[in-house]
Each structure stands twice: as C-alpha cells, then as structure tokens.
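Enquirer: Start counting the sequence shown at 1; every next residue gets the next number (the UniProt record's numbering).
The C-beta atom is built at its ideal place from N, Cα and C for all residues, glycine as well.
Since this is a predicted model, take the numbers as computed values, not measurements.
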Amino acid sequence: MPARLELTPATYRHLLKTAHRHASHQIEAEDLLHETLIAALTAGNRPCVENRAWLQGVMRNVAATKRRSAYRRSRRENATLVIEPTDDSEVPTEFLSSLPRSQRIVALLALGGHTRNEIRHLLRISDASLRQRIAGLRWRWRDAAPNAETLPGKLLAGTLAFGRIRQNLLPLTGRNTAFLASHDPDGHLFAVSFFHLKAHKLGACGN
1 MPARLELTPA TYRHLLKTAH RHASHQIEAE DLLHETLIAA LTAGNRPCVE NRAWLQGVMR
61 NVAATKRRSA YRRSRRENAT LVIEPTDDSE VPTEFLSSLP RSQRIVALLA LGGHTRNEIR
121 HLLRISDASL RQRIAGLRWR WRDAAPNAET LPGKLLAGTL AFGRIRQNLL PLTGRNTAFL
181 ASHDPDGHLF AVSFFHLKAH KLGACGN
C-alpha cells in the first residue's frame with residue numbers, strides 16, 4: 001500500500017523554507033519540494049520535520065541534477081543558431097514582416113548569425129522569454145506560405161572568419177563600457193555605448 005502524505009501547514013512551511021535554500025533562478029523552490037516529497041513517498045519515508053536531514057540530502061541531490069541538466073541544455077542551445085539556413089534555403093520576407101515585433105527581431109538576429117546567448121544579451125531578456133519567442137517563431141515558420149517573396153538565406157551567411165572576429169570583440173564588451181560590439185561587412189570592428197548625460201547645473205553667476 002503506498003505511503004500517505006500527511007503534512008501539517010507548519011511542516012510544509014519548514015520544508016519549503018529549506019527548499020528555498022537549495023533552489024536557484026533555474027529551479028523553483030516549490031517544484032524542488034514537490035519532487036522531494038515524491039521521493040520520500042517512493043522510499044517509504046514520512047516527510048516530517050524529524051526526517052529533515054534526509055529530506056535536505058534529497059533536495060541537494062535533486063537540485064544538483066536539475067542544475068546539471070539545465071547547464072547541458074543551455075550549452076546545446078547556445079552552441080547552435082536559432083535558425084540555420086542552408087545554401088539553398090530561403091527565408092520569405094513576407095514571413096518576416098508578418099511576425100510580431102518580438103519574434104521578428106529574434107529572427108533577424110538569428111539570420112545574422114547570432115547565437116542564443118548573444119540574442120539574449122542584445123535584447124536583455126531571460127532565457128525563458130527567448131525560448132518562448134523561438135517556439136512561437138518556429139510554430140509560425142511551419143505554417144508560412146511557401147510561395148512568398150523570398151530573401152536568400154545564403155546572403156546572410158557571409159564569408160568572413162566570424163569565429164576569429166568574435167574573439168576579437170570580447171575585450172570590447174568585457175570593459176563594461178560597450179553595450180554592443182559588432183563588425184561591418186568588411187570585418188572592421190566597432191562598439192556601441194550608451195551614456196546617461198547629467199543635467200547641466202547653473203553656477204552661482206549663471207550660465
């Protein structure tokens with residue numbers, strides 16, 4: 001007979017507080033607690049305060065597993081482009097113009113060769129928000145009209161040594177003074193910075 005879950009509000013609050021210590025921005029405390037409770041029931045241990053040392057160990061293991069999974073997923077996603085056009089593929093301009101603004105900017109950056117990490121940095125959005133935009137973008141792409149006016153994807157690929165260029169761009173962005181570093185079609189580097197100008201104060205004798 002499966003174990004029954006009997007938790008008092010006080011015990012649940014105590015365990016949730018413990019879960020918050022092991023959670024992170026990628027792992028919700030409540031999700032972590034619920035998975036720990038499932039593990040406790042499966043093992044036949046009562047999820048009570050008396051078993052908190054064992055429960056904390058389970059939480060640590062579950063959190064570590066989730067972090068490793070999130071890290072591997074992030075590496076896979078960031079190592080690939082959002083859109084990978086082949087030499088023969090074409091992206092309809094009609095399709096791009098029909099996209100919502102949030103998805104259109106992601107598509108244009110992806111077609112320019114930017115990775116997920118770079119797009120997330122440029123748009124200043126979370127990984128979850130970017131994943132949602134990409135999912136919507138791919139859903140719309142599947143339903144796109146095949147006979148629309150097209151923009152050849154190979155024109156966006158370029159022939160420059162992008163890997164070496166990006167390595168040279170890193171020092172520019174690492175100084176915390178540049179918001180965006182890029183290059184022109186000939187490979188010349190440039191950086192874009194934003195400065196907040198302070199209001200001019202008048203002196204005692206006026207301006």
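Between which two residues does the alpha helix (DSSP H) harbouring R104 extend?
Expert: Its alpha helix (DSSP H) spans residues R101 to L111.
Enquirer: From which residue to which residue does the alpha helix (DSSP H) around H114 run?
Expert: Premise fails: H114 is in no alpha helix (DSSP H) and is neither H nor E.
Enquirer: Could you give the distance in angstroms between the alpha-carbon of N61 and the alpha-carbon of L130?
Expert: Rounded to whole angstroms, N61 to L130 spans 28 Å at the Cα level.
Enquirer: Could you give the first and the last residue of the continuous alpha helix (DSSP H) run that contains R133?
Expert: Looking at the DSSP string, the run of the alpha helix (DSSP H) that includes R133 is D127 to R142.
Enquirer: Give the secondary structure of R52 by DSSP, where H, G and I count as helix, E and B as strand, and everything else as coil.
Expert: Looking at R52 - three-state DSSP - the assignment turns out to be helix.
Enquirer: What residue range does the alpha helix (DSSP H) around residue 209 cover?
Expert: Here the chain covers residues 1 to 207 and nothing more, so residue 209 does not appear.
Enquirer: Look at L111 and I119 and say whether their C-beta atoms are less than 8 Å apart.
Expert: For L111 and I119, no; Cβs fall outside 8 Å.
Enquirer: What separation, rounded to the nearest whole angstrom, lies between the Cα atoms of H20 and A29?
Expert: Taking the straight line from one Cα to the other gives about 5 Å.
Enquirer: So what's R124 in DSSP terms, helix, strand or just coil?
Expert: Residue state, collapsed to three classes: coil.
Enquirer: Assign N45 to one of three DSSP states: helix, strand, or coil.
Expert: Three-state DSSP puts N45 in coil, outside helix and strand.
Enquirer: By a C-beta neighbour count over all protein chains shown, 10 Å radius and 16 as the cutoff for buried, is K66 buried or exposed?
Expert: Counting Cβ neighbours within 10 Å, K66 comes out buried, since at least 16 surround it.
Enquirer: For residue 287, which residues in the same chain have their Cβ closer than 7 Å to its Cβ, ignoring the five residues on either side in sequence?
Expert: Because the chain is modelled from 1 through 207, residue 287 falls outside the range shown and cannot be assessed.
Enquirer: Have a look at A135 and S24 and give me their C-alpha separation to the nearest angstrom.
Expert: So the alpha carbons of these two residues sit roughly 24 Å apart.
Enquirer: So L15 packs on L55, CB below 8 Å; how close in whole Å?
Expert: Contact flag correct, Cβ pair sits at about 6 Å.
Enquirer: So what does DSSP say about T8, is it helix, strand or coil?
Expert: Note: T8 maps to coil in three-state DSSP.
Enquirer: Closest by CA to S102, which one among L122, A10 and R133?
Expert: Selected option, being the one with the closest Cα: R133.
Enquirer: Excluding sequence positions up to five away, which residues of its chain have a Cβ less than 8 Å from the Cβ of R140?
Expert: If we look at R140 and ignore the five residues flanking it on each side, its Cβ neighbours are F95, S98, L99 and Q103.
Enquirer: Within its chain, find whatever has a CB closer than 7 Å to the CB of N45; leave out the 5 residues flanking it on each side and keep chain order.
Expert: Answer for N45: N51 and W54, listed in chain order.
Enquirer: Determine the burial state of T42: buried for a count of at least 16 other Cβ atoms within 10 Å of its Cβ, exposed for fewer.
Expert: Flag for T42 reads exposed.
Enquirer: Could you check what DSSP says for K17 in three-state terms: helix, strand or coil?
Expert: In the structure shown, K17 sits in a helix (DSSP, three-state: H, G or I).
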